[in-house]
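Novice: Sharing a structure below in structure tokens format, with a few things to ask.
Numbering (our numbering), first residue to last: 654 to 887.
Here it is as structure tokens:
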């Protein structure tokens, strides 16, 4: 990889995978088919990012607000997520030495999904080549509230609360902040995704619905990122 290309590759990429239902509606297909196609795209994007040199990929798969959707859709998504972390699907991560980490309100997930997550994380725990974060029942407010609760439980005094302490109690503890956040489907907001961590993330918005997002679209996002001057407030 030449130096110019390397500069275009963010170390940590976060993606708000938006537009599965809109994609299905435009195609005259059931919304559940949109989610299925969206999952197929997850596998492709993960491989594209790995090949390009991304070391941490965080995908927002299910938000805290998504629990308010129709029970049929929520149940389907829970089954799809269970399949996504099954031994059959995780074997590729094991082969590529990618560690899987789930961030979010695990306790709200179905018990069988929680069990499958624990097994998948155990299977991939030795992965040293990269990290795949799946944000499930995730919300930026929920993450910060949980971090505050952890700090209070430890008996920390107000004067001792620092940015570093909050970092240590987030679901992403120990990980670098995202360099680039991509949102698909034309919406130009982050909706609380990695709210604390994204303070200096570069943002890129694609009009493509998630199932239509291509490797060329990813390259366009990286090329745009590579042109930006990151000053971090200095």
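For every residue, glycine included, the Cβ atom is placed at its ideal position computed from N, Cα and C.
For the candidate residues 849, 736, 840, 768, whose alpha-carbon lies nearest to that of residue 925?
Specialist: Residue 925 lies beyond the range of the chain shown here (654 to 887); nothing can be said about it.
Novice: Excluding the five sequence neighbours on either side, which residues of its own chain have a C-beta within less than 8 angstroms of the C-beta of residue 656, listed in chain order?
Specialist: Here the question's residue 656 lines up with position 3 in the chain shown. A caution first: residue 656 carries a pLDDT of 42, below 50, which makes its placement in the model too unreliable to give a value.
Novice: In the DSSP assignment, find the unbroken alpha helix (DSSP H) run with residue 736 in it and report its ends.
Specialist: In the chain shown, residue 736 corresponds to position 83, counting from 1. It spans 724–737 - the alpha helix (DSSP H) in which residue 736 sits, taken as one unbroken run.
Novice: Determine which residues share a DSSP beta bridge with residue 666 and list them.
Specialist: Within the chain shown, the letter at position 13 stands for residue 666. In the DSSP output, where bridge partners are listed per residue, residue 666 has 710, 833.
Novice: What residue range is occupied by the uninterrupted beta strand (DSSP E) comprising residue 615?
Specialist: A query on residue 615 cannot be resolved here, the shown segment of the chain reaching from 654 to 887 and no further.
Novice: Which first and last residues belong to the beta strand (DSSP E) in which residue 752 is found?
Specialist: Within the chain shown, the letter at position 99 stands for residue 752. First-last of the beta strand (DSSP E) with residue 752: 751–756.
Novice: Please list, in chain order, all residues of the same chain as residue 747 whose beta carbon is under 7 angstroms from its beta carbon, the five residues on each side excluded.
Specialist: As a working note, residue 747 is residue 94 in the chain shown. Taken in chain order, the residues that qualify are 776, 777.
Novice: With DSSP run on the structure shown, which of helix, strand or coil describes residue 692?
Specialist: As a first step, residue 692 must be located in the chain shown, where it is residue number 39. Residue 692 falls in the helix class under three-state DSSP.
Novice: Helix, strand or coil for residue 716, going by three-state DSSP, please let me know.
Specialist: Against the chain shown, residue 716 aligns to sequence position 63. In the structure shown, residue 716 sits in a strand (DSSP, three-state: E or B).
Novice: Within the chosen definition, does the stretch 715–726 reach the stretch 736–745 through at least 3 CB pairs nearer than 8 angstroms?
Specialist: no
Novice: Use the C-beta contact count for residue 852: other C-beta atoms within 10 angstroms, 16 or more gives buried, fewer gives exposed.
Specialist: Working through the chain shown from its first residue, we reach residue 852 at position 199. It counts as exposed.
Novice: With respect to the alpha helix (DSSP H) encompassing residue 875, which residues constitute its N-terminal and C-terminal limits?
Specialist: Counting from 1 along the chain shown, the entry for residue 875 is found at position 222. 868–879 is the extent of the alpha helix (DSSP H) around residue 875.
Novice: Starting from residue 855, follow its DSSP beta bridges and name the residues at the other end.
Specialist: Your numbering for residue 855 matches position 202 in the chain shown. Bridge partners of residue 855: 833.
Novice: Considering only the beta carbon of each residue, do residue 766 and residue 725 sit closer than 7 angstroms?
Specialist: If you number the chain shown from 1, residue 766 lands on position 113. If you number the chain shown from 1, residue 725 lands on position 72. Contact: no.
Novice: Would you be able to state if there are at least three C-beta pairs under 8 angstroms between the stretch 851–866 and the stretch 874–883?
Specialist: yes
Novice: Quick check: what's the CA-CA separation for residue 801 versus residue 762?
Specialist: By 1-based counting over the chain shown, the position of residue 801 is 148. By 1-based counting over the chain shown, the position of residue 762 is 109. Straight-line Cα distance between these residues: approximately 22 angstroms.
Novice: List the whole-angstrom C-beta distance separating residue 666 from residue 835, where the pair is believed to meet the contact cut-off of C-beta under 8 angstroms.
Specialist: Position 13 of the chain shown, counted from the start, is the residue given in the question as residue 666. Position 182 of the chain shown, counted from the start, is the residue given in the question as residue 835. The Cβ separation is near 7 angstroms, so the contact holds.
Novice: Which class does residue 776 belong to by DSSP, given the choice of helix, strand or coil?
Specialist: Along the chain shown, one-based indexing puts residue 776 at 123. It is helical.
Novice: Can you list, in chain order, the residues of its chain with a C-beta nearer than 8 angstroms to that of residue 673? Leave out the 5 residues immediately preceding and following it.
Specialist: What you label residue 673 is simply residue 20 of the chain shown in a count that begins at 1. Closer than 8 angstroms at the Cβ level, and outside the excluded window around residue 673, lie 684, 687, 688, 690, 691, 862, 863, 864.
Novice: Residue 844 by DSSP, collapsed to three states: which one?
Specialist: Start at 1 with the first residue of the chain shown, and residue 844 comes out as number 191. Residue state, collapsed to three classes: coil.
Novice: Please return the same chain residues whose Cβ sits closer than 7 angstroms to the Cβ of residue 822, not counting the five positions on each side in sequence.
Specialist: As a first step, residue 822 is located in the chain shown; it is residue number 169 there, counting from the start. Same-chain partners within the cutoff: 800, 803, 804.
Novice: Helix, strand or coil: how does DSSP classify residue 794 here?
Specialist: The count along the chain shown starts at 1 and reaches residue 794 at position 141. DSSP places residue 794 in helix when its eight states are reduced to three.
Novice: Thinking C-beta only, is residue 755 closer than 7 angstroms to residue 710?
Specialist: One-based indexing of the chain shown puts residue 710 at position 57. One-based indexing of the chain shown puts residue 755 at position 102. Contact flag unset, no.
Novice: Anyone know if the C-beta pair for residue 701 and residue 868 falls short of 7 angstroms?
Specialist: For the purposes of this step, residue 701 is identified with residue 48 of the chain shown, where counting begins at 1. For the purposes of this step, residue 868 is identified with residue 215 of the chain shown, where counting begins at 1. Yes.
Novice: Quick one: grab the DSSP three-state call for residue 826.
Specialist: On the chain shown, position 173 is the one that residue 826 refers to. Coil, per DSSP.
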